[in-house]
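Peer 1:
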Amino acid sequence: MAADSRSPRDGKHLEVLGYYNPLPGQDGGKRMGLNFERVKYWLSVGAQPSEPVQRILFRAGLLPPPPMVAMARKGGSRDMRPVDPMTGRVLNLEKPDTNNQQESDEDEAIDGSNAE
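Count the sequence shown with full-length UniProt numbering and you get residues 1 to 116, in order.
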């Protein structure tokens with residue numbers, strides 16, 4: 001629902017953009033419907049979705065996920081590893097194995113000295 005931020009929560013709304021029923025239906029799934037074109041329009045003119053709506057729009061593919069930082073434990077230091085913006089998972093940036101490269105360079109140097 002698109003509503004003016006200055007109006008009461010249950011007050012007059014500008015436009016109904018979709019629906020969401022969190023209670024599972026007979027098939028076990030949650031029911032949801034969105035008018036994607038109108039949602040895109042309202043986002044393009046500066047509408048700010050609430051946090052629950054942001055999660056729904058992220059799952060629908062209309063918004064990127066919010067930036068997240070993984071925490072080690074409550075009150076602990078923050079884990080500053082990079083996070084994949086699409087999945088929210090911590091990226092494992094493996095450094096190239098320099099030992100194998102050095103060994104191959106040494107092998108080439110040894111082979112080159114034997115050829116002379």
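Just so you know, even glycine gets a beta-carbon here, dropped at the ideal spot from N, CA and C.
Report the residue from 91, 41, 58 and 64 whose alpha carbon sits nearest the alpha carbon of residue 16.
Peer 2: Indexing the sequence shown from 1 puts residue 16 at position 16. Closest by alpha carbon: 41.
Peer 1: Tell me whether the beta-carbon of residue 35 lies closer than 7 Å to the beta-carbon of residue 18.
Peer 2: Looking up residue 35 in the sequence shown gives position 35. Looking up residue 18 in the sequence shown gives position 18. Yes, the pair counts as a contact, with Cβ atoms nearer than the cut-off.
Peer 1: Between which two residues does the alpha helix (DSSP H) holding residue 57 run?
Peer 2: Start at 1 with the first residue of the sequence shown, and residue 57 comes out as number 57. Start and end: 51-60.
Peer 1: Should residue 57 be labelled buried (16 or more other beta-carbon atoms within 10 Å of its own) or exposed?
Peer 2: As a first step, residue 57 is located in the sequence shown; it is residue number 57 there, counting from the start. Classification for residue 57: buried.
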